[in-house]
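Residue 87 in the working numbering is what sits at position 36 of the sequence shown, and the numbering runs on without skipping anything. Take a look at the structure below.
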Amino acid sequence: MPPETVEVRRSSRRRRTVSAYRDGDKTIVLLPAGLSRTDEEQWVRRMLDRLAAKEKRRRPSDAELLERAKDLSARYLGGEAMPVSVRWVDNQRHRWGSCTPDHGTIRISTRLRGMPPWVVDYVIMHELVHLLVPGHGPRFWELVEQYPKAERARGFLEGFSMAANAVPD
Numbered sequence: 052m053p054p055e056t057v058e059v060r061r062s063s064r065r066r067r068t069v070s071a072y073r074d075g076d077k078t079i080v081l082l083p084a085g086l087s088r089t090d091e092e093q094w095v096r097r098m099l100d101r102l103a104a105k106e107k108r109r110r111p112s113d114a115e116l117l118e119r120a121k122d123l124s125a126r127y128l129g130g131e132a133m134p135v136s137v138r139w140v141d142n143q144r145h146r147w148g149s150c151t152p153d154h155g156t157i158r159i160s161t162r163l164r165g166m167p168p169w170v171v172d173y174v175i176m177h178e179l180v181h182l183l184v185p186g187h188g189p190r191f192w193e194l195v196e197q198y199p200k201a202e203r204a205r206g207f208l209e210g211f212s213m214a215a216n217a218v219p220d
């Protein structure tokens, strides 16, 4: 896994608070302008640890992903799509998920971590349908649309992608 990109932003208006957030593939750490370099290093490490812990709490394990997939299949596909495994992967930069129907495996991009559960469920549902229907024809979309938040989740992912790829003015 490549080293994490961290951008430190100092503000003269910021006096005591330190905060951090993810912005695409990088982490932004906001610090008071008067903080020493030593304190900066300590705060950056602390904030990275806090974000990682928060994300770990929010990100289901591979076993939980498999259970979610089985539940989605039972609720919306009559239990017909039965994946052998569903797991998080770090190597998908241009896809939200992928599926190998011959092996019954589904991979979900870690870029989805921290997104609303209904968005992750939509991506799982999309890949579950690929276990039943190859390609993206009318039958495929008919099955995907069984998931009640499919359209909303697609819009969320499209908006996220547009914002992440936007070129600043």
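Backbone N, C-alpha and C fix where the C-beta goes; we use that ideal spot for every residue, glycine too. Only a predicted model underlies this, so the values are computations on that prediction, with no experimental measurement involved.
- [ ] Report, in whole angstroms, the separation of the C-beta atoms of Leu194 and Val180, which I expect to be a contact under 8 Å.
- [x] 5 Å
Task: CB of Ile157 within 8 Å of CB of Leu123, strictly - done: no
- [ ] Return the chain-ordered ranges of every beta strand (DSSP E) run that is complete within the segment 66-121 and spans a minimum of 3 residues.
- [x] 70-74 and 77-83
TODO: With DSSP collapsed to three states, give me the class of Glu202.
DONE: helix
TODO: Could you tell me whether the segment 85-96 touches the segment 110-121, where touching means 3 or more Cβ pairs closer than 8 Å?
DONE: no
- [ ] Decide yes or no for the touch test of the segment 199-216 against the segment 165-174: beta carbon pairs closer than 8 Å, at least 3 of them.
- [x] yes
Task: Cβ neighbour criterion (16 or more within 10 Å) applied to Ser70 - done: exposed
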